[in-house]
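Input: a single structure, listed below in structure tokens.
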Amino acid sequence: MNVNDLRFPADFVWGVATASYQIEGAVDEDGRGPSIWDTFASSPGNIDDGATGAVACDHYHRWEQDLDLMKRLGLNGYRFSIAWPRVIPSGDGAVNQAGLDFYERLVDGLLERGIAPFATLYHWDLPQPLQDAGGWPQRGTVDAFVAYADAVTRRLGDRVAFYATMNEPWCASFLGYVLGQHAPGLRDHRLGLRASHHLLLAHGSAMEVLRANAPGSRHGIVLNLNPAHPASPAPADRAAAERFDGFFNRWFLDPLLRGSYPDDAWRGYGDAVPTIEDGDLATISRPLDFLGVNYYSRAIVADDANVPWPAVRGLPPKGTPTEMGWEVYPQGLTEVLLRLQREYELPPIYLAENGAAYRDELKNGSVDDSERVSFLEQHIAALHEAMVHGVDVRGYFAWSLMDNFEWGHGFEKRFGLVYVDYETQARIPKRSASWYAGLIAQQRGAKGAVRS
Ligand code: FCB
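Count the sequence shown with my numbering and you get residues 7 to 458, in order.
Next up, the structure:
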């Protein structure tokens, strides 16, 4: 397979993605308040290498050079996130105009370079004062999010082509409130389930405000989806895979696209389920203009009655995994997309994140990341395969533009197409960056429609 032989639509979006806390740094500047990630990263033991995002890629000061780099790569889309604590430092109080100024410069800079802005409103940096008041498990956080979405869209309006309310609510709720691996680092099933409901409700509630303030933009949400495969053909393992699917995928897909939580998960959680008020599910399932899908790998699971619902145990990955320990499983991307098409009424899809961490080394001024090139090639081909089968995919965003603060792993895991030397903040495009630029140029020249 050679991706250069495949044809994507002429107006396909070829982009890269980043997130505010992972790249910006400048955590104390221009009135930004603390977020749960500042707090979490500064408590010893939470981040593998003891790092924080205080400086990260210093993108807050180097954004112009980073946009120039994107332009040189030929990108026509950039997915970034807006830091809530820059815009409303207290979480639900006064708007900090200086915070909005930064994103206005960024958005205008993208437009000047012919790159469509895709803004995510929540990529996990909740203002700390809101967490002090209970965080996502508190229903009041929903209203605070709507006020924040209002402030952003009043200023940026439809200069931002695409607004995504949330990135990966599964991670924000389960990794943050149940498994303790992400901020705020809590371990409580009930809190996590309440957080997940309020993240979805905040998404749905904000949709109305986004449409009013930015009627010319497209509005949606981004989910991370993993196909769940049984460890063996035994009925118990098959049932385990089905439960994992409910826990990871359907818990978010069903309320958004069907207006109901999946029965198996609802029953499985017993009395830990969140309180749902009248109208919540109607709000959550308001129509989407697009669904963003993040795809990295699959899950292989076995039945395990000793752990709480979904009562499964994950198996080690097959083959040579990436540095994250994640299996390279491109066919899972085709599978996920075909499944969405078969089981749901879908809006257009954007592949909002896909990529891999590898042990990149800078040698004589360059990084030969051939494993990443192969990863991207296989996944872009898998995406194309889904399109050939009729899935309406409008764009692909590689994670990530450049190496950055990889949450609990700090700076040890490098996902970038561009290498970052954190001592000097030099940006050094890896081989994957030139490969991606080449693919984009070739597709643009070919002016194709989907065909294999
Ligand atoms: C996703 C996150 C993103 C990045 C990648 C590797 O879950 O959305 O910020 O950390 O994983």
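By construction, the Cβ of each residue, glycine as well, lies at the ideal position given by its N, Cα and C atoms.
In the DSSP assignment, the residues bridged to ASP427 are ALA432.
Remark: the shortest separation between the CB of CYS63 and any heavy atom of the ligand FCB does not fall under 7 Å. Under the three-state reduction of DSSP, ALA23 is assigned to strand. Fewer than three pairs of CB atoms, one per stretch, sit closer than 8 Å, so the segment 217-225 makes no contact with the segment 281-288.
Between ARG437 and ASP375, the beta carbon gap of about 5 Å places them in contact (Cβ cut-off 8 Å). C-alpha of ALA153 to C-alpha of ILE94: approximately 9 Å in a straight line. Excluding the 5 residues flanking it on each side, ALA387 has same chain C-beta neighbours closer than 8 Å at MET7, VAL9, LEU12, PRO336, in chain order. Sixteen is the threshold: when 16 or more other Cβ atoms of the shown chains lie within 10 Å of the Cβ of SER223, as they do, the residue is buried.
Sequence-distant partners of VAL373 (beyond 5 residues in either direction) whose C-beta falls short of 7 Å from its own C-beta, in its chain, are ASP366, GLU367, TYR425, ILE434, LYS436, ARG437. Boundaries of the beta strand (DSSP E) harbouring TYR169: 168-173, taken from the DSSP string.
One thing to note: ALA308 has its Cβ within 8 Å of the Cβ of ALA246.
In the three-state reduction of the DSSP assignment, SER48 falls in the helix class. The three-state secondary structure of SER406, taken from DSSP, is coil. Burial is judged here by how many other beta carbons sit within 10 angstroms of a residue's own beta carbon; GLY422 has at least 16 and is buried. Straight-line measurement puts the Cα of ASN52 at about 31 Å from the Cα of TYR169.
Distances taken from the Cβ of GLU30 to the heavy atoms of the ligand FCB include none shorter than 7 Å. For ALA25, the shortest separation between its Cβ and any heavy atom of the ligand FCB lies below 7 Å. Within a 10 Å sphere around the beta-carbon of HIS395 sit fewer than 16 other beta-carbons, which makes this residue exposed.
Around the Cβ of GLN71, a 10 Å sphere holds fewer than 16 other Cβ atoms; the residue is exposed. For ARG111, the number of other beta carbons within 10 angstroms of its own is below 16, and it is reported as exposed. For GLY416, same chain residues with a beta-carbon under 6 Å away, outside a window of 5 residues either side, are ILE53, ASP54, ASP55, ALA57 in chain order. Secondary structure of ASN312 (DSSP, three-state): coil. For the 8 Å CB-CB criterion, LYS419 and GLU429 do not form a contact.
Cα atoms of TYR302 and ASN232: separation of roughly 8 Å, rounded to the nearest angstrom.
The three-state secondary structure of VAL397, taken from DSSP, is coil. At the C-beta level, GLY115 and CYS63 stay beyond 8 Å of one another.
Within the chosen limit of 7 Å, the ligand FCB reaches the beta carbon of ASN230 through at least one heavy atom.
Within the segment 103-147, the runs of alpha helix (DSSP H) that reach at least 4 residues and sit entirely inside it are, in chain order, 103-118, 134-138. Taking the CA atoms as reference points, ASP34 sits about 43 Å from ALA317. Around the CB of ASP17, fewer than 16 other CB atoms lie within 10 Å, so the residue is classed as exposed. The criterion of a C-beta distance shorter than 8 Å is satisfied by LEU197 and PRO143. The ligand FCB never approaches PHE258 closely enough for any of its heavy atoms to be under 7 Å from the residue's Cβ. Rounded to the nearest angstrom, the Cβ distance from ILE227 to HIS203 is 14 Å, too far for a contact under 8 Å. In the three-state reduction of the DSSP assignment, LEU81 falls in the coil class, being assigned neither a helical nor a strand state. ARG200 sits in a helix when the DSSP states are folded into three classes. The alpha-carbon of ILE88 is positioned some 30 Å away from that of THR340.
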